[in-house]
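Below: one structure, written as structure tokens.
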Amino acid sequence: MEINETELICLAKDAREHSYAPYSHFKVGAALLADDGRIYTGCNVENASFGATNCAERTAFFKAVSEGVHSFRAIAIVGAPDGTDTKDTCAPCGICRQVMREFCESKDFMVILEDGKGGTLAMTLEELLPRSFGGESFAHCH
Ligand code: THU
């Protein structure tokens, strides 16, 4: 399936409008494309107990997984301080990379970011999280 990077970035920007970020004032949006063509969006949801905060990417993944969807093609991520336009690259945090790794075993799952110049930057999850840890390591424990 063709990935429309511009459309996914646009949907991530729309989702960012719902960001709840009263503490960091850093608003993030994500749009996750499933293999079947459906798109799940997410935003960061902060909490006064900071560790309870959920990133935009994980919100999108958990929405999809909670609806029974487990195979994915790509995710677009945009983020910037409140009041500023997204433009610069907002890379996914380490925890979100690991969550993507759980559900995106295919090495060609794409992460799409903005490039700071009005265009997009696309890379594989494998590039962002090389030599990663996954469920296959449990294969021999019962
Ligand atoms: N954030 C995300 O939503 N995704 C990331 O990958 C990086 C960080 C959010 C979490 C927090 O609400 C704010 O950005 C500042 O860290």
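For the sequence shown, the working numbering begins at 1234 and goes up steadily by one.
Just so you know, even glycine gets a beta-carbon here, dropped at the ideal spot from N, CA and C.
Predicted, not measured: the structure shown is a model, and the values here were computed from it.
Handout entry: Residue burial classification, M1356 (beta-carbon count within 10 angstroms, cutoff 16)
Key = Flag for M1356 reads exposed.
Handout entry: Same chain, Cβ closer than 8 Å to L1354, neighbours up to 5 away in sequence not counted
Key = So the list reads T1322, I1345, L1346, E1347 and D1348, once near-sequence residues are dropped.
Handout entry: Contact test: F1259 Cβ vs the ligand THU heavy atom, cutoff 6 Å
Key = yes
Exercise for the section: Count the other C-beta atoms from every protein chain shown that fall within 10 angstroms of the C-beta of F1371, then say buried if there are 16 or more, exposed otherwise. Expected result: exposed
Practice task
Have a look at R1271, G1270, A1297 and G1316 and flag the residue whose alpha-carbon is nearest the alpha-carbon of R1249.
Solution key: G1316
Problem - Proximity of H1373 and F1336 at Cβ, strictly below 7 Å - result: No, Cβ-Cβ distance for H1373 and F1336 is not below 7 Å.
Exercise for the section: Please report how far the alpha carbon of K1246 lies from the alpha carbon of E1300, in whole angstroms. Expected result: 23 Å
Handout entry: For A1248, three-class secondary structure by DSSP
Key = Here A1248 sits in helix by DSSP.
Practice task
Mind reading off the beta-carbon distance from N1277 to V1298? Whole number of angstroms is fine, and I expect it under 8 Å.
Solution key: By a beta-carbon distance limit of 8 Å, N1277 does not contact V1298. Their separation comes to about 18 Å.
Problem - Pair within 7 Å by beta-carbon distance, L1244 and T1274 - result: yes
Problem - Within the region 1302–1367, ranges of the alpha helix (DSSP H) (whole runs, at least 4 residues) - result: 1327–1336 and 1358–1361
Practice task
Determine the contact status of V1332 and R1364, defining contact as a CB-CB distance below 7 Å.
Solution key: no
Problem - CA-to-CA distance, T1239 to A1264, given in whole angstroms - result: CA-CA distance, A1264 to T1239, rounds to 11 Å.
Exercise for the section: Identify the continuous beta strand (DSSP E) that holds T1292 and give its terminal residues. Expected result: No beta strand (DSSP E) holds T1292; the alpha helix (DSSP H) holding it covers A1289 to V1298.
Exercise for the section: Using 6 Å as the cut-off, classify the Cβ of P1325 as near or not near the heavy atoms of the ligand THU, replying yes or no. Expected result: yes
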